[in-house]
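Asks:
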Amino acid sequence: MGFSIETFLMNYVLYFIVPCFLISMTLYLIRLIKGPTIPDMVLATACIAYDACFFMCMLSIYFRNAYLILAAFCLALWAFILDLYVAKYLEARELGE
Amino acid sequence: MSSMVLELNYVLFFIGITLTTIGAIFDVIASIGLLRFPEFYVRLHAATIGSIGGAVVPIIGVAILALSCTFLGPQRFFIFGCSIVIAMIIFFVAPVGSHAIARAAYRSRTVVPKYVVHDELRRVRG
Amino acid sequence: MILLNEVLLVYSLIVTTILTYMVVMTRDLVRAVILSACQSIFFSIALYCILAIDIVLVYLPVAVGIYSVVFLYAIRKTEHLEKPVVGSHKVVALIVAVGAILVVALIVHSIMSGLTGWTPSKIIRPLARFIISRTINYYEPEFWTSSPEAITATVWDYRGLDTFFEITVFYGAIVGCLALFRFIEVIFKEKLREVEKLPKELGLSLITKTVCRVVFALISIIAINIAIHGHLTPGGGFQGGATYVIGPLLIMVALSQYFLRRIGYEERKLILLRSLGLIAIALVALIPALLGGFVFQNQYKPWSPYIGYPPYVDNVWISGSIFLFNVFDAIAVATGFCLIFLVLSIPEEYFKKLLEVKP
Amino acid sequence: MIVSYVIWVVCYSCLILTIFIALYGIITRPNLIKKIIAYTIFSDSINLFIVFLGYRRLPNAKIAVLPLKPTPEEIAMYEETAVDPLVQCLVLTAIVIGLAVILFFTFLAIQLYRLYGTLDSREITKKSRLRW
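So the sequences go chain by chain: A, B, C and D. The first sequence stops at residue 290 when you use this note's numbering, and every number in between is there. The second sequence stops at residue 198 when you use this note's numbering, and every number in between is there. The third sequence stops at residue 1779 when you use this note's numbering, and every number in between is there. The fourth sequence stops at residue 136 when you use this note's numbering, and every number in between is there.
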């Protein structure tokens, strides 16, 4: 029985990489909930969004379907949008200006 | 010929696994930093590691990993291309988000820097 | 057997519950908006894990991109701190808690005792089986839609009338919004004429402006791609339209609404485009009925004299009317939401002026 | 077997709890914008609950997108493994229409603020002549 890429990949991802990312997501969440100021919360949200983007890429290999990666594409394009909205909220008098 | 292709697959696979593992470790480090650092402007460093080291590097890893997964069939080239583009977009866009929020936090005095030694920006802006 | 997607599913649902509690309990509204944006990111992970890719594509722009900016606009126009709750809602809290515990207990009991069958189901309902097996079946084409995407085929062919009335609700909601803010353009027009020479200071910093222009182009490309490939890959009219709205919204936040108006997004033009899109949807639906078939007929049916829309034109697969519906629906949705955001971004002082004018 | 039971009990409990917490927010919070935020969470979790009903617990589950020229065997395979397209179709339109309706709610709230100077529902009830 030779070395199978598929089995090794699934086990390694399930037992090492996903737990790592889940731990870090939990820590980001603690920062999000504690966050003394609003910019802290926004930073944590952006980090969570990038992690979610990674999960979506990973799961498209897991489900063996290339169409699924379209969602990661979309999320990557506007993961930073909350930063801009809140920055605008903090800086400007009206959001449209 | 076919054994050559097989070995190339293994090489790609281990490169991909290595990059993904590095990314996972970076992400844990960044999250600990974001939790433990004392102030917003210090936490910005950790957040940038979390976006570049914790998302761009592992997504490139996923792209190279997808190339080696022969069980995906021709779809693996699609996943490879899309992942590379996603990594480039995040690489391009994540610093802009941090820049915008930091600038807004400084200019609107929402967060007053505590551990600052020499504030050149305030002198310029008055 | 542990499945990777179910680990993520359980994690994201637990986190969602905690975040919902935080959203309800915080008094600062901006914090509530950020928490609810984070909560919707976790919801989209959960939707992705149960393989609902079309829902993710429409939920991501709507929940992550649009909800938050709508609420931030509203908070900026009104007030950002909630007044404390005087007295207590102990009775309501008790009723809600007892109801929640009862429903949870009921579900746990019915799953455990096997009342719902094999609950993480391995089979699907007969109607869904019918749709999946007939949607692109060349061998028994009486019920086929010629579109390999079962969800878009269901939206625009099997359940076309349902979607049509949903679009009517959408139309009504947008007309209601515009009716609430009527007469404002008379006052705001004068300001717009002055603003021909734009001050450079509007908007965010130069770095943000430059990147936002590039991202605007990328979002438009992705949105058009999602809309016009909706009958072949996951996506469709609703998804494409909702994705497109993020682009103008980004420009509006990063470069100010006056820039957006200068590059051609104006109320009259958008109303015209949206009406054209809706009329085109109605026409595409009605043409078969006028030619002897029935409303929303797509392909040829043995019991109807209408020959049906062609499944392909010149070797390009368009799946009959589904392609047309997707394109027109994307135009209607995108222009409708752009219109609303243009009206929403008019500064508050003009409304004050308007209210003083009226007796 | 037991893993699948645990997963499903946890998922359903979390969703039901989310729905009820959001309902509690809608009822008790005084600020109208807060009510609308809770309403979005309420509607989203109900949508997620509906999509849940179409999920299949298979290691090789597929999305409901077939290849362009499928053979009969492929169609039978998709019939065995694809998720339910019908619930997704229902929720798809509900989300976009829900967004339009929420925008309408927000416009109403802003207009109320212009007329009454506050968004607190108790004060609006006091200031308006409507008593109920």
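Just so it is clear, CB atoms sit at the ideal spot from N, CA and C, and this is done for glycine as well. It should be emphasised that the depicted structure is a prediction, and the values quoted were computed from it without experimental measurement.
Between residue 1605 (chain C) and chain D, is the shortest Cβ-Cβ distance under 9 Å, so that the two count as touching?
Replies: no
Asks: Between the C-alpha atoms of residue 194 (chain A) and residue 1424 (chain C), what's the straight-line distance to the nearest angstrom?
Replies: Legend: pLDDT at residue 194 (chain A) = 45, less than 50; position of this residue unreliable, value from coordinates given subsequently. Roughly 25 Å separates the two Cα atoms.
Asks: Pop quiz: residue 46 (chain D) and residue 30 (chain D) are said to be a contact at Cβ under 8 Å. What is the actual Cβ separation, rounded to whole angstroms?
Replies: Residue 46 (chain D) to residue 30 (chain D), Cβ: 6 Å. Contact.
Asks: Check residue 1737 (chain C) in the structure and name its three-state DSSP category.
Replies: strand
Asks: For residue 254 (chain A), go through chain B and note every residue whose CB falls closer than 9 Å to its CB, in chain order.
Replies: Here the neighbours are 134, 137, 138, 141, 144, 148 and 151.
Asks: At 9 Å on the CB atoms, spell out the chain A contacts of residue 69 (chain D), in chain order.
Replies: 258 and 260
Asks: By the criterion of Cβ-Cβ separation under 9 Å, what are the contact partners of residue 66 (chain D) in chain A?
Replies: Within chain A, the residues near residue 66 (chain D) are 256, 257 and 258.
Asks: Does the count of Cβ pairs from the segment 1720-1728 of chain C and the segment 1769-1778 of chain C closer than 8 Å reach three?
Replies: no
Asks: Using beta carbons (cut-off 9 Å, strictly below), is residue 1465 (chain C) in contact with chain B?
Replies: no
Asks: Thinking C-beta only, is residue 1563 (chain C) closer than 9 Å to residue 1549 (chain C)?
Replies: no
Asks: How close, in whole Å, do the beta carbons of residue 129 (chain B) and residue 91 (chain B) come, if the pair is a contact with beta carbons under 8 Å?
Replies: 6 Å
Asks: To the nearest angstrom, report how far apart residue 34 (chain D) and residue 154 (chain B) are at their CA atoms.
Replies: 46 Å
Asks: What three-state label does DSSP hand residue 1487 (chain C) in the structure shown?
Replies: helix
Asks: Helix or strand or just coil, what does DSSP make of residue 194 (chain A)?
Replies: Legend: pLDDT at residue 194 (chain A) = 45, less than 50; position of this residue unreliable, value from coordinates given subsequently. Taken through DSSP and simplified to helix, strand or coil, residue 194 (chain A) comes out as coil.
Asks: Counting only C-beta atoms, is residue 1718 (chain C) closer than 9 Å to chain A at any point?
Replies: no
Asks: Please decide whether residue 1623 (chain C) counts as near chain A, where near means a Cβ-Cβ distance under 9 Å.
Replies: yes
Asks: Could you check whether the Cβ of residue 1676 (chain C) sits closer than 9 Å to any Cβ belonging to chain A?
Replies: Contact of residue 1676 (chain C) with chain A is assigned, a C-beta pair being separated by under 9 Å.
Asks: To be precise: take each residue of the segment 117-134 of chain B, compare its Cβ to all Cβ atoms of chain A, and keep it if any distance is under 7 Å. Which residues remain?
Replies: 119, 122, 123, 126, 127, 130, 131 and 134
Asks: By the DSSP assignment, the alpha helix (DSSP H) with residue 1455 (chain C) in it spans what residues?
Replies: 1449-1469
Asks: Just to make sure I have the definition right: I need the residues of chain F whose C-beta is within less than 7 Å of the C-beta of residue 1596 (chain C). Which are they?
Replies: Of the chains in the structure shown, none is chain F; the protein chains are A, B, C and D.
Asks: For residue 128 (chain D) and residue 107 (chain D), I'd like the C-alpha separation in whole angstroms.
Replies: 21 Å
Asks: Exposed or buried, what is residue 1779 (chain C) when buried is set at 16 or more other beta-carbons lying within 10 Å of its beta-carbon?
Replies: With a pLDDT of only 47 at residue 1779 (chain C), under the threshold of 50, the placement of this residue in the model should not be trusted; the figure read from the coordinates follows. Classification for residue 1779 (chain C): exposed.
Asks: Touch check for the segment 1509-1516 of chain C and the segment 36-43 of chain D: three-plus C-beta pairs under 8 Å?
Replies: Three or more beta-carbon pairs separated by less than 8 Å are not found between the segment 1509-1516 of chain C and the segment 36-43 of chain D, which leaves the two stretches without contact.
Asks: Can you tell me whether residue 1495 (chain C) is buried or exposed, with buried defined as 16 or more other CB within 10 angstroms of its CB?
Replies: buried
Asks: Which word fits residue 191 (chain D), buried or exposed, when buried means at least 16 other C-beta atoms lie within 10 angstroms of its C-beta?
Replies: In this structure chain D extends from 5 to 136, so residue 191 (chain D) is not present and cannot be described.
Asks: Considering residue 35 (chain D), what are the terminal residues of the alpha helix (DSSP H) in which it resides?
Replies: No alpha helix (DSSP H) contains residue 35 (chain D), which DSSP labels as neither H nor E.
Asks: Whose C-beta lies closer than 7 Å to the C-beta of residue 27 (chain D) among residues of the same chain, with five residues either side of it excluded?
Replies: 46
Asks: So residue 1611 (chain C) packs on residue 62 (chain D), CB below 8 Å; how close in whole Å?
Replies: Rounded, the Cβ-Cβ distance is 60 Å, inconsistent with contact.
Asks: From what residue to what residue does the alpha helix (DSSP H) around residue 1425 (chain C) run?
Replies: 1424-1445
Asks: Between residue 193 (chain B) and chain A, is the shortest Cβ-Cβ distance under 9 Å, so that the two count as touching?
Replies: no
Asks: Quickly, what does DSSP pair residue 276 (chain A) with across the bridge? List them, please.
Replies: Among the bridge pairs identified by DSSP, residue 276 (chain A) is matched with none.
Asks: Give the secondary structure of residue 104 (chain D) by DSSP, where H, G and I count as helix, E and B as strand, and everything else as coil.
Replies: helix
Asks: How long is the line joining the alpha carbons of residue 147 (chain B) and residue 1658 (chain C), rounded to whole angstroms?
Replies: 26 Å
Asks: Residue 1442 (chain C) touches chain A at which residues, Cβ-Cβ below 9 Å?
Replies: 225 and 226
Asks: Evaluate residue 1643 (chain C) with the Cβ neighbour count: other Cβ atoms within 10 Å of its Cβ, from every protein chain shown; 16 or more gives buried, anything less gives exposed.
Replies: buried
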